[in-house]
Amino acid sequence: MRKGIFKTGLLVLALVAALTPVYWMITISLKIERDQFAYPPKWFSFTPTIQHYYEAFVTRSFGQYLLTSAIVAVVSTACALVIGTLAAYALTRFQLPYNLDRKLSLWILSTRMFPAIVTAVPLFLMMRDLRLLNTRASLIVVYTAFNLPFVVWMMRGFFAEVPRDLEEAALVDGDSRLGALVRVVLPLVAPGLAATAVFCLIVSWNEFLFALVLTQTDAAMTLPVGIAGRVTQYEIKWGVMSAAGAVAMIPILVFALAMQRYLVRGLSLGAVKG
Amino acid sequence: MPRSKRFFSALNRRELLLPYVLVAPALAVLLALSIYPLFYSIAISLQQETASGIVWTLAHFKRLATDNFFLTAMVHTFVYAVAALTCEFVLGLALALLLNQQMRGRAVFRASLLVPMMLPTVVVGIVWRLLLNPNFGAINGTLKQLGVNTESLTWTASPRLAFVAVIAVDVWQWTPFVFLVLLAGLQAIPQEPYEAALIDGSSRWQTFRHVTLPLLKPAILIVLLLRTMDLLRVFDQIFILTEGGPGFATELISLYIYRTAFRFSDFGYAAAMSFVLLALTNIVSLGYLRLLRDEKRNF
Amino acid sequence: MSIRFLNVSKTFGESKVVDDLSLEIADGEFVVLLGPSGCGKTTTLRMLAGLETITSGDIYIGDQRINDVPTQRRDLAMVFQSYALYPHMSIAENIAYPLRVRKLGRDERQNRVARVAKSLEIESLLDRKPRQLSGGERQRVALARAIVREPRAYLMDEPLSNLDARLRVQMRGELKRLQHQLGTTTIYVTHDQAEAMTLASRVAVMKKGRLQQFDTPLNIYNHPANRFVAEFVGSPSMNFIDGQIERGVFVSEEIKLPVMRGDGSVSLGIRPEHVHVFTQPQDGAIPARVYVTELMGNETFVFLTIGTHRLIARAPADFRAEVESTVWLRLETDKAHFFEKAKSTDYAE
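Written out as structure tokens, the structure reads:
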């Protein structure tokens, strides 16, 4: 009995530790400035205001940053999914000479291991030469490349779980290879596809370094960069920052909740099945 | 049958090209945006612009050896990685072991624990800047309420405290990840070995050492590998939280490279440092992967 | 459609899984490929289906050489050991799939599916998903999917092996009836010799990739081509006694039997039903010791030892004998088979 209480207590403690900081930020976004700086810290006893949200998204350009983040995330995820899934299918089902399929998969995965800064510097120079700095296109392209290894690796795992029998039956029944892929295999990996898509969306949405390096102007800035830009400069308007931060969090939390069944698997690159 | 059951066997002449066609777009994208930049980077790391044009030189690499900033940044990164990894691993493992059981509301619990690691790193930075603000941050405020003298707790303004703070933030953000992966690993261990150990009369510590740990090894290795990779290349949170400050106190290698490239426009030198960082992460990951491979072979 | 294998071989890396196989299968025949696991029977079937490439040799369906024809165009239907039902589709959609792929109209598809479902008595299952069905039901769905197309031939890869014993026997009968009604050429792979004997018009016995005998079940049973076939077919399996024939008498330890054969070193093979057991001594009977008896209900299996030899005999249901007691045997030597021991692997009669 005592053990049960101890464990529950521990659980609660962990939850509090995880969520309190976030809660605090949300309260800042809802407090008037005087309450923000109050001592003792006001955890619950304040009158909320939405002025910061208004200022962030209507007066200032955070609305535009939000839109840019959304567009870049969705388009790059879609591209990565299509390109990556086809490659994953080929690498799972077809045996290439000299174990190429295995080597390619590992090589693709290894590109995920690069520190971002290593490719950020040359990409900046490349984009500058191509005059693609400060464009959404450059971000979309880079994020697609960024997400591709993950898509290939995850989808390989999901494809491997579909028994080969089913595709063979489809072939004998008269379907073409690609027809079998679309009609028989894809419906079966649909949950995995969705989970992978969500992961890519989350990663793209949260991404900071490449966006920071490749976009400097309002037109192309993503939400994280927009938020950061204000923090590192002169006067810090915490209310506005927190409001933007709170909004930036929302899609993530929604997605994470929806996909939490596959979460552990995705985060550990398929090594551990949650 | 001496061939893998996974693969398709029959490929007519026409179909032989199909796998290559399917893989080509992915390869093209990666070559253009991951591999080519690497070579570009290596190229500029070996070049220098002089009065008479561009020359090939090892000057940047030579500079590395004497650049105190670089060496300090590397030390910072190493200390940071080891400290954060240790805390995260110990905490995560302890939590996983203690909470390894069926519990009600697991989905809610898991989802809540996810929050720290799912947040955009920028938001994490903001959250903690707010908390750590010496004057109106909740941490100092709460400590003051409890009677602690917070005069000297100027978190982000004092070099040593800033370093600790930065590590603490990472631990806050990523311990849930370690916990979740290790928990999943624990729950994947079948009951039988435990039952056999019980019948054989082994103590709790013995069971832990000889049953739990070995079977948990793959999950542990993966978690350590992923966290190490992430810790070595950390950038975002530090950038927002302290910008590498105060002074140079929390300057980690990624930040130093960033600064060299984008504040001082010294791209060649930045590229040389990137190369070293890449080599380092490769060596580390290869080490882990080899350990993993040996693990898999034992099964 | 007739099907011909001409010197077909299949090699995987170093090992030759199918070795120079030649078979002529007439239109409408039910041919069973029988053999132990690893003998190449499934690989042969898959080569015919187009799921494996043919290393050498030719396969003809009718007059068409199909070596290079892709799987989807061979117009064959296959029932897999695992049934391979599409899990995300309903039963009706599963059965309709081959028609859908051939771009048949929806009404036509529905008609055919309904017709086939009726003949296999699975109409009530049409809206369910495969995971809701029992093993036997899934098997019938797999059959339905094969039949609905009216293909040139049916290929079946151990379709009954995942069913429990009772269901297996029941489905065997239904399969046979079905094939008889449809009249389509069928190639069936199994390691179960009872299935082969009951279903086939002709059986091809294979061992390590090589064809051992291709004949009607009755001929294979009564006139096995070699010792492997003799031992593989028939349950309980044939008894073997090694010995010498000298001047018309087969001698092996205490056994002496007059036989109509020349001298030589042979293995005598005799089926259990040709070994008669008596509890009382008989003229010319051989004494033996009872090892154990198995009461099957309709008959009794008697396991015997004579010196170092072990034999099985089939006795009437009321036969009783104590373990280690002595009984007397009479062997029907005119029904015995003789296998030379000259070669180390295959024996020839």
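Chains as they are written, first to last, in the working numbering: chain U, 1 to 274; chain H, 1001 to 1299; chain Z, 2001 to 2349.
Where a beta carbon is used, it is the ideal one built from N, C-alpha and C, also for glycine.
Apply the 10 Å Cβ neighbour rule to residue i and answer buried if 16 or more other Cβ atoms are within range, or exposed otherwise.
{"i": "Trp-24(U)", "result": "buried"}
{"i": "Ala-1279(H)", "result": "exposed"}
{"i": "His-2337(Z)", "result": "buried"}
{"i": "Arg-1003(H)", "result": "Caution is warranted here: a pLDDT of 42 is assigned to Arg-1003(H), below 50, making its placement in the model unreliable, and the coordinate value is therefore given only provisionally. Under this definition Arg-1003(H) is an exposed residue."}
{"i": "Phe-1239(H)", "result": "buried"}
{"i": "Thr-2345(Z)", "result": "Reliability of the predicted coordinates at Thr-2345(Z) is poor, the pLDDT of 45 falling under 50, and the value obtained from them is presented with this limitation in mind. The residue is exposed, with fewer than 16 neighbouring Cβ atoms inside 10 Å."}
{"i": "Lys-2041(Z)", "result": "buried"}
{"i": "Ile-1283(H)", "result": "exposed"}
{"i": "Thr-196(U)", "result": "buried"}
{"i": "Ser-1274(H)", "result": "buried"}
{"i": "Asp-2157(Z)", "result": "buried"}
{"i": "Lys-31(U)", "result": "buried"}
{"i": "Tyr-262(U)", "result": "buried"}
{"i": "Pro-1019(H)", "result": "buried"}
Could you name the residues of chain Z that residue i contacts, counting a contact when the two beta carbons are closer than 9 Å?
{"i": "Pro-21(U)", "result": "Residues of chain Z passing the Cβ test: none, with the nearest at roughly 43 Å."}
Mind listing the chain U neighbours of residue i? Cutoff is C-beta to C-beta under 7 Å, in chain order.
{"i": "Gln-1145(H)", "result": "Pro-40"}
{"i": "Asn-1294(H)", "result": "For the sequence presented, residue 1294(H) should be read as Asp rather than Asn. Residues of chain U passing the Cβ test: none, with the nearest at roughly 15 Å."}
{"i": "Ala-1261(H)", "result": "Val-121"}
{"i": "Arg-2102(Z)", "result": "Gly-174"}
Just to confirm the assignment, what range does the alpha helix (DSSP H) spanning residue i have?
{"i": "Asp-1236(H)", "result": "1236-1241"}
{"i": "His-2274(Z)", "result": "Per DSSP, His-2274(Z) belongs to no alpha helix (DSSP H) and is neither H nor E."}
{"i": "His-2191(Z)", "result": "Looking at the DSSP string, His-2191(Z) is not in any alpha helix (DSSP H), and its letter there is neither H nor E."}
{"i": "Met-127(U)", "result": "116-129"}
{"i": "Arg-1129(H)", "result": "1121-1132"}
So with CB distances below 8 Å, who are the chain U contacts of residue i?
{"i": "Asp-1170(H)", "result": "The contacting residues do not exist; Asp-1170(H) stays about 13 Å from chain U at best."}
{"i": "Ser-2082(Z)", "result": "Pro-163, Asp-165"}
{"i": "Ser-1041(H)", "result": "Val-118, Thr-119, Val-121, Pro-122"}
{"i": "Glu-1015(H)", "result": "Arg-177"}
Can you give me the start and stop residues for the beta strand (DSSP E) that residue i sits inside?
{"i": "Trp-1056(H)", "result": "1053-1056"}
{"i": "Thr-2011(Z)", "result": "2003-2012"}
{"i": "Glu-167(U)", "result": "Taken as a continuous stretch (DSSP letters only), Glu-167(U) belongs to no beta strand (DSSP E), being part of the alpha helix (DSSP H) at 164-172."}
{"i": "Phe-37(U)", "result": "Counting along the chain, Phe-37(U) falls outside any beta strand (DSSP E), and DSSP gives it neither H nor E."}
{"i": "Ala-2315(Z)", "result": "2309-2316"}
{"i": "Gln-2212(Z)", "result": "2210-2215"}
{"i": "Leu-2125(Z)", "result": "Per DSSP, Leu-2125(Z) belongs to no beta strand (DSSP E) and is neither H nor E."}
{"i": "Asn-2239(Z)", "result": "2239-2246"}
Mind pulling the chain H residues with CB within less than 8 Å of residue i?
{"i": "Ile-83(U)", "result": "Pro-1025, Ala-1026, Val-1029"}
{"i": "Val-152(U)", "result": "Ala-1026"}
{"i": "Thr-111(U)", "result": "Leu-1030, Ser-1034, Ile-1035"}
{"i": "Phe-44(U)", "result": "The contacting residues do not exist; Phe-44(U) stays about 12 Å from chain H at best."}
{"i": "Ile-32(U)", "result": "What Ile-32(U) touches in chain H: nothing, since even the nearest Cβ is about 13 Å away."}
Taking C-beta pairs closer than 9 Å, name the residues in chain H that residue i reaches, listed in chain order.
{"i": "Val-142(U)", "result": "Leu-1033"}
What does residue i reach in chain U if we use C-beta pairs closer than 9 Å?
{"i": "Thr-2071(Z)", "result": "Glu-168, Leu-171, Val-172, Gly-174"}
Below 7 Å on C-beta distance, what does residue i contact in chain H?
{"i": "Ala-137(U)", "result": "Per Cβ cutoff of 7 Å: no residues; Ala-137(U) is ~13 Å from chain H at best."}
| query | Using 8 Å as the threshold, is the region 1282-1295 of chain H in touch with the region 2024-2036 of chain Z, meaning 3 or more CB pairs across them? | reply | Contact between the region 1282-1295 of chain H and the region 2024-2036 of chain Z is absent, because fewer than three Cβ pairs lie under 8 Å.
| Can at least three beta-carbon pairs, one atom from the region 2067-2080 of chain Z and one from the region 167-179 of chain U, be found at a separation below 8 Å? | Because the criterion of three Cβ pairs below 8 Å is met, the region 2067-2080 of chain Z and the region 167-179 of chain U touch.
| field | Residues from the region 2109-2137 of chain Z in contact with chain U, defined by Cβ distance under 7 Å | value | Only those residues of the region 2109-2137 of chain Z whose C-beta falls short of 7 Å from the nearest C-beta of chain U would be listed, and there are none.
| query | Going along the chain, which residues of the region 2051-2066 of chain Z sit with their C-beta nearer than 7 Å to a C-beta in chain U? | reply | If the cut-off is 7 Å between Cβ atoms, the region 2051-2066 of chain Z has Leu-2051 near chain U.
| field | Interface residues of the region 235-250 of chain U facing chain H [CB-CB below 9 Å] | value | Within the region 235-250 of chain U, the residues whose Cβ lies closer than 9 Å to some Cβ of chain H are Ile-236, Trp-238, Met-241, Ser-242, Ala-244, Gly-245, Ala-246, Ala-248, Met-249, listed in chain order.
| Per the contact definition of three or more C-beta pairs closer than 8 Å, is the region 101-118 of chain U in contact with the region 49-58 of chain U? | With the cut-off at 8 Å, the region 49-58 of chain U and the region 101-118 of chain U do not touch.
| field | Positions along the region 157-181 of chain U whose CB lies within less than 7 Å of some CB in chain H | value | Listed by position, the residues of the region 157-181 of chain U near chain H (Cβ gap below 7 Å) are Ala-160, Arg-164, Arg-177.
| said: Across the region 189-200 of chain U and the region 54-64 of chain U, are there enough close Cβ pairs to call them in contact, namely three or more that are closer than 8 Å? | reply: The region 189-200 of chain U, when compared against the region 54-64 of chain U, does not touch it at the 8 Å Cβ threshold.
| query | Taking one C-beta from the region 1016-1024 of chain H and one from the region 141-149 of chain U each time, how about it: are there three or more such pairs within less than 8 Å? | reply | With the rule of 3 Cβ pairs closer than 8 Å, the region 1016-1024 of chain H does not count as touching the region 141-149 of chain U.
| field | Positions along the region 184-217 of chain U whose CB lies within less than 7 Å of some CB in chain Z | value | Listed in sequence order: Val-184, Pro-187, Leu-188.
| query | Counting Cβ pairs, one atom from each stretch, are 3 or more of them under 8 Å apart for the region 2202-2215 of chain Z and the region 2031-2048 of chain Z? | reply | Contact holds: three or more Cβ-Cβ distances are below 8 Å.
| field | Selection of the region 1267-1287 of chain H by Cβ proximity to chain U, strictly under 7 Å | value | Flagged, chain order: Phe-1267, Ala-1270, Ala-1271, Ser-1274, Leu-1277, Leu-1278, Thr-1281, Ser-1285.
| query | Of the residues that make up the region 1054-1081 of chain H, which ones have a beta carbon closer than 8 Å to any beta carbon in chain U? | reply | From the region 1054-1081 of chain H, no residue has a Cβ closer than 8 Å to chain U.
| message | Contact between the region 1066-1080 of chain H and the region 1207-1222 of chain H is defined here as three or more beta-carbon pairs at a separation below 8 Å; is this criterion met? | response | No, the region 1066-1080 of chain H does not touch the region 1207-1222 of chain H.
| Counting Cβ pairs closer than 8 Å, one from the region 2167-2183 of chain Z and one from the region 2009-2017 of chain Z, do we hit at least three? | Contact fails between the region 2167-2183 of chain Z and the region 2009-2017 of chain Z, because fewer than three Cβ pairs, one in each stretch, are under 8 Å apart.
| said: Which residues of the region 60-74 of chain U have a Cβ closer than 9 Å to any Cβ of chain H? Give them in chain order. | reply: If the cut-off is 9 Å between Cβ atoms, the region 60-74 of chain U has nothing near chain H.
| field | the region 194-213 of chain U in contact with the region 238-255 of chain U per 3-pair CB rule at 8 Å | value | Contact holds: three or more Cβ-Cβ distances are below 8 Å.
| task | Take every Cβ of the region 2254-2274 of chain Z, pair it with every Cβ of the region 2230-2245 of chain Z, and state whether three or more of those distances are shorter than 8 Å. | result | They touch, by the three-pair rule.
| Cβ contact check for the region 2257-2267 of chain Z and the region 2288-2304 of chain Z: 3 or more pairs under 8 Å | Short answer: they don't touch.
| message | With three or more beta-carbon pairs closer than 8 Å as the criterion, would you say the region 212-230 of chain U touches the region 2126-2146 of chain Z? | response | Per the Cβ contact rule, the region 212-230 of chain U is not in contact with the region 2126-2146 of chain Z (fewer than 3 Cβ pairs under 8 Å).
| said: Would the region 239-248 of chain U count as touching the region 1145-1161 of chain H if we require 3 or more Cβ pairs under 8 Å? | reply: The answer is no - the region 1145-1161 of chain H does not touch the region 239-248 of chain U, with fewer than three Cβ pairs under 8 Å.
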